[in-house]
Amino acid sequence: MKRTGGPMEWVDASDRVLVGAAALGETDAFEEIVRRYGPEMFRYARNMLSDQGAAEEVVQDAFVAAWKGLDNFRGDSALRTWLFSLVSHKVIDHRRKRSVPPAEDWLFERKSTGAGSNPEADVEADSFMTELGVALSELPYRQRACWLLREVEGLTHPEIGAIMTLSAGAVRGQLTRARATLSERLATWRTQ
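Heads up, the sequence shown is in the numbering used here, so the first residue is 2 and it goes up one at a time.
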């Protein structure tokens with residue numbers, strides 16, 4: 002942590018320090034948690050709900066639950082895992098209330114291309130991403146959630162298990178089925 006003459010800066014603080022300070026009411030520490038993990042939590046929620054407004058609401062609800070539950074966070078799992086489990090539960094609650102169909106529009110954010118880019122390659126990449134999004138939208142909820150948490154968010158099997166309340170072996174099974182389905186659906190892209 003750095004002191005700059007003003008309020009405490011939390012950018013360099015560990016998750017453990019942030020949680021401890023936030024649990025004591027330090028709102029700047031909690032704001033750093035939000036800044037650190039909010040974007041990936043939102044990306045996950047948006048992929049699961051295909052509705053930006055609903056994703057924002059779900060992530061906000063997850064952060065409210067986190068703020069209220071900081072005293073109960075024991076550190077058995079990483080802060081990131083705990084936050085993703087809150088988002089995952091809020092997504093499930095939202096889907097139960099609204100019966101939202103899975104996303105069909107996008108999966109990954111496209112990086113802007115520079116002046117030296119290849120328009121043909123960009124069109125092909127966009128086509129692949131569209132087809133991947135459609136294929137993902139057709140996966141069962143658990144397979145889709147496990148695939149997004151592993152392949153997009155980079156979480157480990159035990160972390161995903163903690164988030165989804167599944168064993169690591171069940172996560173592996175869900176990922177295996179998801180990958181097999183996606184491989185079959187996207188087989189034409191391997192020959193190109």
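Note that beta-carbon positions come from the ideal geometry of N, C-alpha and C, so glycine has one too.
Identity of the residue in the options nearest residue i by Cα
i    : options                  : result
L140 : V65, T177 and F74        : T177
S138 : L50, E32, E33 and V60    : L50
E32  : D72, Q61 and Q144        : Q61
G39  : D52, E58 and L25         : E58
M42  : E152, T189, A63 and Q144 : A63
E152 : R36, L183 and G26        : L183
S15  : S168, L25 and A30        : A30
D52  : T189, L25 and H95        : H95
A136 : E185, K98, D72 and E10   : E185
A56  : A67, I34, V92 and R36    : V92
D127 : R36, L150, R37 and W190  : W190
V35  : V172, G26 and W68        : W68
S89  : Y142, S168 and A171      : Y142
Within 8 Å, strictly: CB atoms of residue i and residue j
i    : j    : result
G187 : L133 : According to the sequence displayed, residue 187 carries Leu and not Gly. Yes, these two residues count as a Cβ contact at 8 Å.
R17  : G54  : no
A146 : M165 : yes
S148 : A181 : Correcting the residue type first, residue 148 is Trp in the shown sequence and not Ser. Not in contact: W148 and A181 (Cβ atoms no closer than 8 Å).
S78  : A163 : yes
Run of the alpha helix (DSSP H) containing residue i, from where it starts to where it stops
i    : result
N48  : T28 to L50
V18  : D16 to A24
R75  : Element bounds for R75: n/a, residue is neither H nor E.
T177 : A169 to R186
A66  : Q53 to G70
inquiry  = For the pair the segment 147 to 160 and the segment 82 to 99, tell me if three or more CB-CB distances fall below 8 Å.
reply    = The segment 147 to 160 is in contact with the segment 82 to 99.
task = Count the CB pairs spanning the segment 46 to 54 and the segment 14 to 22 that are closer than 8 Å, and state whether there are at least three.
result = Using a Cβ-Cβ distance cut-off of 8 Å, the segment 46 to 54 and the segment 14 to 22 are not in contact, since fewer than three pairs of beta carbons, one from each stretch, lie closer than that value.
Uninterrupted beta strand (DSSP E) stretches inside the segment 134 to 158 (no shorter than 3 residues) = none
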